[in-house]
Structures are given as C-alpha cells and as structure tokens.
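Visitor: First to last, the protein sequences are chains A and B.
Numbering of the first sequence is given in this note's numbering, commencing with residue 1 and proceeding in unit increments.
Numbering of the second sequence is given in this note's numbering, commencing with residue 285 and proceeding in unit increments.
Ideal Cβ placement from N, Cα and C applies to all residues, glycine included.
One structure, pasted below without further comment.
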Amino acid sequence: MSATTTVNAPAQQAPSPPRAAVGSDDARIGLRANLRHIGALARRNMLQIKADPESMFDAVLMPIIFVLLFVYVFGGAMFGDGNRGQYVNYLVPGLMAMMGLNIAMAVGTGVNDDFKKGVMDRFRTMPIARSSVLIAKMVVEVGRMLVATTILLIMGFILGLSVSTSVFGLLGAIGLSLVFGASLMWIFILLGLTMKTVQAVQGVAMLVLMPLQFGSSIFAKPTTMPGWLQSFTDYNPLSNLADAARGLITGGPVAHSALMTLAWSAGITLVTAPLAVAKFRKRT
Amino acid sequence: MAAGILVSMTRIDKKPRNNGEGAAGIAVSVRGLVKHFGDTKALDGVDLDVREGTVLGVLGPNGAGKTTLVRCLSTLLVPDAGTAVVAGYDVVRQPRQLRRTIGLTGQYASVDEKLSGRENLYMIGRLLDLSRKEARSRADELLERFSLTDAGKRLAATYSGGMRRRLDLAASMIGHPAVLYLDEPTTGLDPRTRNEVWDEVRRMVAEGATVLLTTQYMEEAEQLASELTVIDRGRVIANGEVDELKARVGGRTLQIRPTDPEQLGAMARAVTEAGLDGVSGTQVVPDEGVLNVPILSDEQLTAVVGLLGSRGYGIAHIGTHLPSLDEVFLAITGQKTADSQDATRKTEEVAA
Ligand SMILES: Nc1ncnc2c1ncn2[C@@H]1O[C@H](COP(=O)(O)OP(=O)(O)O)[C@@H](O)[C@H]1O
Ligand SMILES: [Mg+2]
Chain A
1 MSATTTVNAP
11 AQQAPSPPRA
21 AVGSDDARIG
31 LRANLRHIGA
41 LARRNMLQIK
51 ADPESMFDAV
61 LMPIIFVLLF
71 VYVFGGAMFG
81 DGNRGQYVNY
91 LVPGLMAMMG
101 LNIAMAVGTG
111 VNDDFKKGVM
121 DRFRTMPIAR
131 SSVLIAKMVV
141 EVGRMLVATT
151 ILLIMGFILG
161 LSVSTSVFGL
171 LGAIGLSLVF
181 GASLMWIFIL
191 LGLTMKTVQA
201 VQGVAMLVLM
211 PLQFGSSIFA
221 KPTTMPGWLQ
231 SFTDYNPLSN
241 LADAARGLIT
251 GGPVAHSALM
261 TLAWSAGITL
271 VTAPLAVAKF
281 RKRT
Chain B
285 MAAGILVSMT
295 RIDKKPRNNG
305 EGAAGIAVSV
315 RGLVKHFGDT
325 KALDGVDLDV
335 REGTVLGVLG
345 PNGAGKTTLV
355 RCLSTLLVPD
365 AGTAVVAGYD
375 VVRQPRQLRR
385 TIGLTGQYAS
395 VDEKLSGREN
405 LYMIGRLLDL
415 SRKEARSRAD
425 ELLERFSLTD
435 AGKRLAATYS
445 GGMRRRLDLA
455 ASMIGHPAVL
465 YLDEPTTGLD
475 PRTRNEVWDE
485 VRRMVAEGAT
495 VLLTTQYMEE
505 AEQLASELTV
515 IDRGRVIANG
525 EVDELKARVG
535 GRTLQIRPTD
545 PEQLGAMARA
555 VTEAGLDGVS
565 GTQVVPDEGV
575 LNVPILSDEQ
585 LTAVVGLLGS
595 RGYGIAHIGT
605 HLPSLDEVFL
615 AITGQKTADS
625 QDATRKTEEV
635 AA
C-alpha cells in the first residue's frame with residue numbers, strides 16, 4: 001500500500017484515442033464553417049418557434065392590433081373624422097420603426113432566458129465561434145421582423161395605404177427598417193446577457209422604449225409638439241426611420257432621414273455588438 | 285478497523301503519479317488548480333491525472349468542487365491558478381483545439397428541450413462540421429444505440445430524466461471525443477436508468493475514450509472507475525486505485541435489522557464488547573431501525589451474525605453494502621462530510 005500508485009499500462013488500452021470527428025488541426029474557424037454553424041443554430045431557433053408557435057404572437061398580432069387601435073382611436077383626432085385614410089398613410093410607415101423595436105425587445109428577453117439553459121454550456125464547449133450563437137439568433141429574429149412588417153403592410157393596404165412612390169421605395173423602406181431593427185437587437189442582446197432576470201430586462205426595456213416610441217414622429221407630427229420635445233424627436237432615431245419610411249412609401253424628402261437612420265444603425269452596432277459578444281464569451 | 289491502516293492512507297501526493305513514464309499515457313493532467321468565487325475556495329490546489337483509456341472517478345460531497353473542476357477542464361471557467369493539460373492541450377492557452385477533443389455531459393441536462401431528440405443530435409453533428417448526410421446518419425445511429433429511436437421525433441421536453449440523460453450522453457459522443465467529462469451522470473436517476481447509463485459509459489471506455497467522472501456515490505465509482513480521487517472543499521484528500529481505496533476504507537458495511545427494534549442498542553453493545561477481530565465502528569441508525577457494522581471479510585460477517593444469533597437476538601434482515609461517501613470520508617479524514625454532520629447530530633439525539 002504505497003503512497004503513490006504506480007501506473008501500469010492498462011491491458012485494454014486503446015490503440016490510439018479517437019480524435020474529434022472532422023475538422024483540421026487548425027484552431028481557427030473558417031468562414032464556410034462559420035456560416036454552416038450559423039445555419040445549424042438558426043435552424044435550432046426556427047425549430048424552437050415551431051415547437052412553441054405562441055412565440056410568434058407578437059410578430060403576428062402586434063401589427064394588427066397597433067394599426068387598428070391607432071387608426072380608429074387616434075385617426076379621427078389627428079386628421080379629422082373623414083380623413084382616417086390619410087392617417088393610415090402617415091401611421092403605417094412609422095409603425096415599421098416600431099415593429100423593429102418591439103421584436104428587438106423580445107430578443108433581449110429571449111436571450112436572457114435561452115442563455116441560462118444548459119445547452120449554452122454545450123455550445124461553449126464546442127469548436128465554434130461563440131458569436132455564431134448570437135448571429136444565428138439575429139438572423140431568425142430579422143426574419144420575424146420581416147413577418148411583422150409584412151403583416152403590418154397588409155393591414156395597411158386593407159385600410160387604404162397607398163404607395164405613391166414605387167415598389168423599390170417600399171422595399172427600401174422595409175430594408176431600412178430591418179437594418180435599424182437588427183442594430184437595435186444588439187442593444188437588447190447586451191441587455192439580456194447583462195441582466196439577471198427576464199423581468200429586469202423587460203423593466204429596463206419599457207423604461208427606455210416608451211419615451212422613444214411616443215417622443216417620435218411615429219404616431220403624431222412633431223410640429224404639433226412643444227419645442228423642447230421637437231428637438232428630442234428630431235434626434236430620435238425612431239423619428240428618422242419613420243420619416244425615411246414615409247418618404248420612401250408616400251413620397252417626400254428621404255435623404256437626410258435615411259442617412260441619419262443608417263448612421264444610427266452603424267453607430268449602435270459598432271458600440272454594442274462587440275460588447276455583446278464579449279459579454280457572451282465571459283458569461284459563465 | 286486498525287488505526288494504522290488509516291494512517292497509511294494516501295494523502296495528497298504531490299508528485300505526478302506517472303513520474304517515469306512521460307506524458308504519453310496521460311490524457312488529463314491537472315496541477316495545482318485553483319478557482320475561487322469570492323471567499324469560496326471551490327478549487328484549492330487540485331492535482332490529478334487520468335490515464336488514457338481509463339475512467340477516473342472524482343468522488344466528493346455536494347459543494348466539494350466537482351462541477352467547478354469539470355468546468356475548468358472544459359473551458360467554461362478560467363482557473364485562477366495552476367495548469368491543466370487535456371489531450372496535450374492547455375485548457376487556458378489552447379481552448380479552441382481542446383474543444384475539438386472533449387465531450388461534456390454536465391450535471392444539468394445540456395440538450396435543447398424545444399427540439400426533438402433527433403434534431404438535437406443533428407444540430408450538434410452540423411456544429412461539428414459533419415455533412416448533412418453524415419449528421420443525419422450519426423444522429424440515427426446514436427438514437428438507436430441509446431434506445432431513443434422511438435422517441436427520436438418527440439421534443440426533448442417530453443423525455444423522462446433518464447432519456448434526457450441518455451440524449452445528453454449521445455450528444456457528447458457525436459464527435460468521438462478522446463476525453464469525456466461526466467458530471468454526476470446518474471444523480472437523480474432511478475436504479476434501472478442508472479444501470480443503463482453505466483452500461484453506456486463502459487461501452488465508451490471500451491471504444492477507447494478516456495473518462496473523468498464525478499460522483500457522490502462510492503458504488504458508482506466502484507462500478508465504473510479504475511482509479512479514484514476523493515475531493516472535499518476544493519482539495520484532494522486521497523487518491524489511488526478503487527480497490528485499494530475500498531480496502532482501506534473498510535470494504536463493506538454489514539447492515540442488520542433486528543426483529544425487535546428495541547434491541548438495537550443492546551445488539552450494538554454486544555458486537556462492540558465482543559471485540560471481534562477487525563470489527564469496529566458499529567453504528568446504530570434508529571431512524572432506519574438498523575445496525576451498521578463495517579467489515580473487511582466474509583469471515584467477519586459470519587462472526588458478527590453468529591455472535592448475535594448465539595446471544596439470542598432475532599434478526600429480520602441482513603445485507604451488505606459498499607461504504608457510503610460518509611463512511612469513506614470518515615475513514616479517510618476521521619471526519620464526517622460537512623453535509624452529514626447535522627444529520628448525524630440529529631441521529632445521536634434520537635438515540636440518546
Ligand atoms: N458561479 C459560482 N459563484 C459562486 N460560487 C460558486 C459558483 N460555482 C460554484 N460555487 C461554489 O463553489 C463550491 C463548489 O461548487 P461545485 O463545484 O458546484 O461543487 P460540486 O459540484 O462538487 O457540488 C460551492 O461552495 C459552490 O457554492
Ligand atoms: Mg456539481
């Protein structure tokens with residue numbers, strides 16, 4: 001009974017330990033492999049929706065409820081009783097900005113919930129870029145934004161929305177709102193990874209969202225607001241996006257608001273995306 | 285049990301165990317690993333080795349640092365100090381290479397509940413760079429092997445605890461990992477499922493995998509591991525071959541249930557006073573109405589039972605079991621696990 005146990009070669013020693021199935025010795029993950037990983041993880045996110053179809057309620061019902069609510073509650077007050085149609089043309093492009101915001105918020109709570117699960121540990125111990133988990137989530141969420149925006153536009157058309165520019169204008173507006181929505185997602189992913197609970201994420205999100213949404217040109221013309229609020233709405237990226245979408249769909253100036261929207265998107269992404277990825281790496 | 289045996293019990297051996305052999309046969313080598321969470325010393329200088337193609341059991345009570353150890357070795361946590369080399373890769377400096385060679389089945393199921401079993405495995409295959417076709421066939425192959433084929437299409441959320449654990453094991457196997465960590469793989473499972481999991485682990489080892497398995501059960505360690513490292517409060521308190529350790533700890537515990545529970549105390553005294561060779565540490569467990577007698581051999585079993593019979597005590601049931609974690613700890617350290625100290629105190633009060 002010695003203090004140190006001597007090691008004898010075990011009789012059933014394997015000829016050589018099996019290596020990981022595939023993949024080169026190079027530790028770096030190539031672009032194609034990265035895309036494949038993102039694809040597999042995006043598929044996971046889509047299957048999750050399939051298993052839990054109620055999680056699509058926000059993307060499907062929100063645009064319907066918002067359009068009906070605002071057009072019939074505020075439409076008359078804004079543009080006069082007979083001119084609800086005019087308000088539809090004003091509101092619907094503005095709501096495109098709002099869809100992005102609300103879906104992005106759901107990403108924050110989803111990430112918070114999802115990333116507490118054991119399967120994240122598995123991903124973290126696998127030879128994949130850690131950012132691919134986040135990017136896959138974004139890809140699917142942008143898809144959800146597209147669904148919400150499409151339903152919004154269909155509702156708009158039913159209530160009399162008319163595109164006075166061209167199909168390209170309409171597509172441009174959709175594209176712009178998706179770009180902006182995607183950049184917002186990074187903020188909420190960061191929030192979702194930082195906060196302890198889903199409730200905390202929701203609380204903070206609401207606190208920020210309410211003033212941003214209503215202190216914008218989404219629902220009402222800023223010219224009807226007091227001066228100090230107008231300055232706020234002018235710099236509010238949601239106003240920029242709403243104005244740009246309006247211009248692209250119903251005509252009018254686009255360049256300034258579209259550029260501002262893109263600048264905001266780039267700025268938000270550049271600041272929050274690296275922070276979010278770093279946070280995901282470190283989170284244990 | 286003679287005190288001398290306890291004293292010669294292996295303490296932490298500072299030297300690497302494979303001194304003369306070089307690193308070739310060692311799949312996992314850990315030296316002085318430290319991880320603190322605030323004031324909690326989850327790992328406080330852990331040394332251990334796992335030889336290629338073998339199972340090392342890491343035995344310790346709740347809070348001993350087992351999960352922290354596994355997380356450090358699988359790149360989920362960065363240790364504060366010390367080194368760990370797995371399959372030739374440093375866990376801190378070469379995490380990417382390391383991730384290609386390891387598989388982990390955590391203490392908490394790491395499968396996606398909102399996916400079917402098959403989709404879980406397919407996803408992992410794709411993440412490990414298998415082609416679509418390969419990923420599909422590997423998923424089916426593993427479902428078959430873990431008896432999950434029928435449940436393959438169902439969401440993992442509908443699986444029983446045992447099925448989830450098997451799916452988890454299957455997921456860890458997809459990439460043919462050279463080193464597999466199993467963190468309390470059978471905690472919370474019923475005996476039948478536990479046996480299934482054990483069979484799978486044996487099979488993985490037969491196929492050449494190296495396994496580091498944490499457990500709270502001596503029996504599990506005995507079933508699966510060839511060597512054992514006992515840890516407590518972040519420190520290694522003993523290590524060696526399972527048989528060796530078992531022998532030192534006292535082999536088995538003889539459990540006797542008298543027909544009349546009132547006689548428990550008298551029976552314990554009778555055994556103790558008889559001073560049978562090598563029999564000591566007789567315990568009364570009033571809650572369960574049994575007497576526990578640590579024994580080293582069948583002769584002692586016969587002697588104890590014979591003694592009680594000859595004194596006219598009625599015995600309703602006898603059985604032997606391997607030493608529990610508490611008994612192992614008692615033998616190694618002369619102390620109970622922190623966990624059981626409260627429980628024991630209660631037992632004694634009842635007995636008094
Ligand atoms: N993330 C953490 N933060 C703070 N303390 C932790 C953390 N993880 C583990 N601990 C503490 O470290 C000790 C060891 O825990 P753990 O490794 O989970 O033990 P075991 O798996 O053996 O039960 C415990 O006291 C536990 O409370
Ligand atoms: Mg644990």
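Could you tell me whether the Cβ atoms of Glu504(B) and Leu497(B) are closer together than 9 Å?
Guide: In this structure, Leu497(B) lies closer than 9 Å to Glu504(B) by Cβ.
Visitor: Against chain B, does Gly118(A) count as a neighbour if the rule is that its beta carbon must be under 9 Å from one of theirs?
Guide: It does: the Cβ of Gly118(A) has a partner Cβ on chain B nearer than 9 Å.
Visitor: Let me confirm a value: Gly341(B) is counted as buried when at least 16 other C-beta atoms fall within 10 Å, else exposed. Which label applies?
Guide: Classification of Gly341(B): buried, given that the 10 Å Cβ count is 16 or more.
Visitor: Report yes or no: is there a C-beta of chain A within less than 9 Å of the C-beta of Gly329(B)?
Guide: Chain A, which has no Cβ nearer than 9 Å to the Cβ of Gly329(B), makes this no.
Visitor: With DSSP collapsed to three states, give me the class of Asp25(A).
Guide: At Asp25(A) the pLDDT is 43, less than 50, meaning the model places this residue with poor confidence and gives no usable figure here.
Visitor: Report the residues of the stretch 30 to 58 of chain A with a CB closer than 8 Å to any CB of chain B, ordered along the chain.
Guide: Those residues of the stretch 30 to 58 of chain A that come within reach of chain B (Cβ to Cβ, closer than 8 Å) are Ala33, Arg36, His37, Gly39, Ala40, Leu41, Arg43, Arg44, Leu47, Gln48, Ala51 and Asp52.
Visitor: If contact is defined by three or more beta carbon pairs under 8 Å, each pair taking one atom from either stretch, is the stretch 368 to 387 of chain B in contact with the stretch 122 to 132 of chain A?
Guide: Contact between the stretch 122 to 132 of chain A and the stretch 368 to 387 of chain B is present, because at least three Cβ pairs lie under 8 Å.
Visitor: Since I believe Leu591(B) is in contact with Ala552(B) (beta carbons under 8 Å), could you give me their beta-carbon distance rounded to a whole number of angstroms?
Guide: Between Leu591(B) and Ala552(B) the Cβ distance is about 12 Å, and since that is not below 8 Å, they are no contact.
Visitor: Between the Cα of Gly252(A) and the Cα atoms of Leu68(A), Pro53(A), Ala205(A) and Tyr90(A), which residue gives the shortest distance?
Guide: When each option's Cα is compared against that of Gly252(A), the closest is Tyr90(A).
Visitor: Examine the Cβ distances between the stretch 334 to 353 of chain B and the stretch 513 to 523 of chain B and report whether three or more of them are shorter than 8 Å.
Guide: These segments touch.
Visitor: Using the beta-carbon of each residue, which ones in chain B are nearer than 8 Å to Arg124(A)?
Guide: What Arg124(A) touches in chain B: Thr359 and Leu360.
Visitor: Closest to Asp544(B) by C-alpha separation, out of Gly598(B), Ser444(B), Val312(B) and Thr324(B), would be which residue?
Guide: Looking at the Cα atoms, Gly598(B) is the closest of the given residues.
Visitor: Which residues bound the alpha helix (DSSP H) around His37(A)?
Guide: Here the alpha helix (DSSP H) through His37(A) covers Leu31 to Ala51.
Visitor: Helix, strand or coil: which one does DSSP assign to Ser510(B)?
Guide: Here Ser510(B) sits in coil by DSSP.
Visitor: For Lys350(B), is the beta carbon positioned less than 8 Å from some heavy atom of ligand 4?
Guide: You won't find ligand 4 in this model; what it holds is ligand 1 and ligand 2.
Visitor: If we cut at 9 Å on Cβ distances, does Glu480(B) have a partner in chain A?
Guide: Not one chain A Cβ lies under 9 Å of Glu480(B).
Visitor: Are the CB atoms of Met145(A) and Leu170(A) nearer to each other than 9 Å?
Guide: No, the Cβ-Cβ distance between Met145(A) and Leu170(A) is not below 9 Å.
Visitor: Write down every uninterrupted run of the alpha helix (DSSP H) in the stretch 378 to 461 of chain B whose length is 4 residues or greater and which is fully enclosed by it, in chain order.
Guide: Listed in chain order, they are 379 to 383, 401 to 411, 416 to 429 and 445 to 457.
Visitor: What does a CB cutoff of less than 8 Å around Val133(A) pick up in its chain, not counting 5 residues either side in sequence?
Guide: Hits under 8 Å: Leu41, Met120, Phe123 and Phe280.
Visitor: How close, in whole Å, do the beta carbons of Ile103(A) and Asp58(A) come, if the pair is a contact with beta carbons under 8 Å?
Guide: Yes, Ile103(A) and Asp58(A) are in contact; Cβ-Cβ is about 7 Å, under 8 Å.
Visitor: At the level of alpha carbons, what is the spacing between Val107(A) and Pro570(B)?
Guide: Looking at the two C-alpha atoms, the distance is approximately 56 Å.
Visitor: Contact criterion: CB-CB distance below 9 Å. Does Ile128(A) meet it with respect to chain B?
Guide: By this cut-off, Ile128(A) is an interface position.
Visitor: Hey, is Lys398(B)'s beta-carbon within less than 9 Å of any beta-carbon in chain A?
Guide: At least one chain A Cβ lies under 9 Å of Lys398(B).
Visitor: For the stretch 338 to 370 of chain B, which segments carrying the beta strand (DSSP E) assignment without a break, of at least 3 residues, lie completely within its bounds, in sequence order?
Guide: Runs found: 339 to 343 and 365 to 370.
Visitor: Between Leu159(A), Ser131(A) and Leu31(A), which lies nearest to Ile64(A) when the distance is taken from Cα to Cα?
Guide: With distances taken between Cα atoms, Ile64(A) lies closest to Leu159(A).
Visitor: Secondary structure at Gly80(A), three-state DSSP: helix, strand or coil?
Guide: DSSP places Gly80(A) in coil when its eight states are reduced to three.
Visitor: Between which two residues does the beta strand (DSSP E) holding Val318(B) run?
Guide: It spans Ile310 to Phe321 - the beta strand (DSSP E) in which Val318(B) sits, taken as one unbroken run.
Visitor: Excluding the five sequence neighbours on either side, which residues of its own chain have a C-beta within less than 6 Å of the C-beta of Val139(A), listed in chain order?
Guide: Around Val139(A): Ala42.
Visitor: Report the three-state DSSP secondary structure of Tyr90(A) (helix, strand or coil).
Guide: In this structure, Tyr90(A) counts as helix in the three-state DSSP scheme.
Visitor: Going along the stretch 235 to 250 of chain A in order, which residues come within less than 9 Å of chain B, judged by CB to CB distance?
Guide: Result list empty, no residue passes.
Visitor: Taking the beta carbon of Ala674(B) as the centre, do at least 16 other beta carbons fall within 10 Å, making it buried, or is it exposed?
Guide: Nothing can be reported for residue 674(B), as the shown portion of chain B is limited to 285 through 636.
Visitor: Hey, quick one: how far does the beta strand (DSSP E) through Ile218(A) stretch, first residue to last?
Guide: Here Ile218(A) belongs to no beta strand (DSSP E), and DSSP marks it neither H nor E.
Visitor: Reducing DSSP to helix, strand and coil, say where Asp121(A) ends up.
Guide: Helix.
Visitor: Specify, as a first and last residue, the run of the beta strand (DSSP E) that Leu497(B) falls within.
Guide: Counting along the chain, the beta strand (DSSP E) containing Leu497(B) begins and ends at Thr494 to Thr499.
Visitor: CA-CA distance, Ala266(A) and Met407(B)?
Guide: Using only the alpha carbons, I get a separation of about 32 Å.
Visitor: Distance, Cα to Cα, Ser217(A) vs Ser239(A)?
Guide: So the two alpha carbons sit approximately 5 Å from each other.
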